[in-house]
Amino acid sequence: MSEPLTDDDRELEALLREYRPLDPPPGLRGQILSAAVDPIRLRDWLPAVAAVLLAVVFYWLAGVERRLLSVSMPVPSPSDYESAFVVEEPLQP
Amino acid sequence: MGRRPLDGPSAEWVGRAYDRHGAALYRYALMLLGDTASAADAVQQVFVTLVGGGRGAARVDDESRYLRRAVRNECFSALRRRRRERVVVADSRPLVEPIDRASGDPGLRAAVDEALRTLPAEQREVVHLKVFEGMTFQEIAEVSDESINTIASRYRYAMDKLRTCLSR
């Protein structure tokens, strides 16, 4: 398709071409880099951070449970060992 | 332009893409939106979205075209938001500056700026791509998903309006 330009249009275009849209502000590049790149770094490290946090939580829970068991479990007396021996002895026909 | 994955571009890629296309994208956004802060936001949003996984495009053949299209979509979304929320944006900074700053007539610059601001975004877009970016109607039609006739009509209306404004 032919571009419908008249002499007036060309004159006006020539006038407009003496101007140009403003350049971006100098800080925009840095702003974009920090905004665009930081989230992906966080996202990349998120699974690893979550795994470490889970490991720490479970390790701590296991420690608490161990301490609770050692406090609540009574120390077996020698008679307990004897009764255990009796129970485990096979029955005589 | 080489094909490259968009899921997770590096800092270097974002920096390089900005260096290659950032200024042109900003000028395009500025001409569509008519204010400097919104233009910067739109360009930033495009890069942030791109890094965050893109919008369905796994690979890009033509980086420049893809980014221009993304900025266009972002700008028209912003314009629709403005219309919906009836936001009026006032920016004291001009849209254009004289190429030869020494010989630029400040009165004429203000008149050109004012005339450009009277155009609807769609017409200003065509003027920008045709006059400042040197694109043909065919190329503009491809960028904006419109027919050549529509683009030519927009250009005609825009030029008539600009001429009227500047002759006052």
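Heads up: the protein sequence lines correspond to chains A and B, in order. Residue 36 in the working numbering sits at position 36 of the first sequence, with consecutive numbering throughout. Residue 8 in the working numbering sits at position 8 of the second sequence, with consecutive numbering throughout. Ideal Cβ positions, reconstructed from N, Cα and C, are used throughout, including at glycine.
Open item on the list: Quick check on A/D7 - is its C-beta less than 8 angstroms from some C-beta in chain B?
Closed with: Walking along the first sequence from the start, residue 7 of chain A turns up at place 7. Closer than 8 angstroms: no.
Open item on the list: Please report the distance separating the alpha-carbon of B/H128 from that of B/Y18.
Closed with: If you number the second sequence from 1, residue 128 of chain B lands on position 128. If you number the second sequence from 1, residue 18 of chain B lands on position 18. Rounded to the nearest angstrom, the two C-alpha atoms are 20 angstroms apart.
- [ ] Go ahead and label B/Q138 buried or exposed: buried means 16 or more other beta carbons lie within 10 angstroms of its beta carbon, across all protein chains shown.
- [x] Within the second sequence, residue 138 of chain B is the residue found at index 138, counting from 1. Burial state of B/Q138 is exposed, judged by a 10 Å Cβ sphere holding fewer than 16 other Cβ atoms.
TODO: Just mark A/F58 as buried or exposed, buried being the case when its beta carbon has 16 or more other beta carbons within 10 Å.
DONE: In the first sequence, counting from the first residue as 1, residue 58 of chain A sits at position 58. So A/F58 counts as exposed.
Task: Per-residue contacts from B/F47 into chain A (C-beta, under 7 angstroms) - done: By one-based count along the second sequence, residue 47 of chain B stands at place 47. For a Cβ distance threshold of 7 angstroms, residue set I32 and A36 of chain A lies close to B/F47, ordered along the chain.
Task: 8 angstroms CB neighbourhood of B/V46 in its chain, flanking five on each side removed - done: Working through the second sequence from its first residue, we reach residue 46 of chain B at position 46. The beta carbon of B/V46 sits closer than 8 angstroms to those of L25, L67, A70, V71 and E74, all from its chain and outside the five residues before and after it, given in chain order.
- [ ] Using alpha carbons as the reference points, say which of B/L162, B/V126 and B/A158 lies closest to B/S147.
- [x] Stepping through the second sequence from its first residue, residue 147 of chain B is reached at position 147. For the residues B/L162, B/V126 and B/A158, the minimum Cα distance to B/S147 belongs to B/V126.
Task: Neighbouring residues, chain A, relative to B/Q44 (Cβ below 8 angstroms) - done: As a first step, residue 44 of chain B must be located in the second sequence, where it is residue number 44. Those within 8 angstroms of B/Q44 in chain A are L28, Q31, I32, A35 and A36.
TODO: Taking C-beta pairs closer than 8 angstroms, name the residues in chain B that A/E18 reaches, listed in chain order.
DONE: Along the first sequence, one-based indexing puts residue 18 of chain A at 18. Correct list: P98, I99, D100 and G104.
Open item on the list: Residues of chain A with CB closer than 7 angstroms to the CB of B/Y18, please, in chain order.
Closed with: Numbered from 1 along the second sequence, position 18 holds the residue referred to as residue 18 of chain B. Here the neighbours are R29 and I32.
TODO: Pull up the distance between the alpha-carbon of B/S167 and that of A/E18, whole angstroms please.
DONE: Counted from its first residue, the second sequence places residue 167 of chain B at position 167. Counted from its first residue, the first sequence places residue 18 of chain A at position 18. A/E18 has its alpha-carbon roughly 17 angstroms from the corresponding atom of B/S167.
TODO: Classify B/P106 as helix, strand or coil using the three-state DSSP reduction.
DONE: For this step, residue 106 of chain B is matched to residue 106 along the second sequence. If DSSP states are grouped into helix, strand and coil, B/P106 belongs with the helices.
Task: Partners in chain B for A/P25, counting only beta-carbon separations shorter than 8 angstroms - done: Numbered from 1 along the first sequence, position 25 holds the residue referred to as residue 25 of chain A. Within 8 angstroms Cβ-Cβ: T36 and A40.
Open item on the list: Could you tell me the alpha carbon to alpha carbon distance between B/G52 and A/S34, rounded to whole angstroms?
Closed with: Indexing the second sequence from 1 puts residue 52 of chain B at position 52. Indexing the first sequence from 1 puts residue 34 of chain A at position 34. So the two alpha carbons sit approximately 13 angstroms from each other.
TODO: Starting from B/H128, find everything on chain A with Cβ-Cβ shorter than 8 angstroms and list it in chain order.
DONE: The sequence position of residue 128 of chain B within the second sequence is 128, counting from 1. Those are P21, listed as they occur along chain A.
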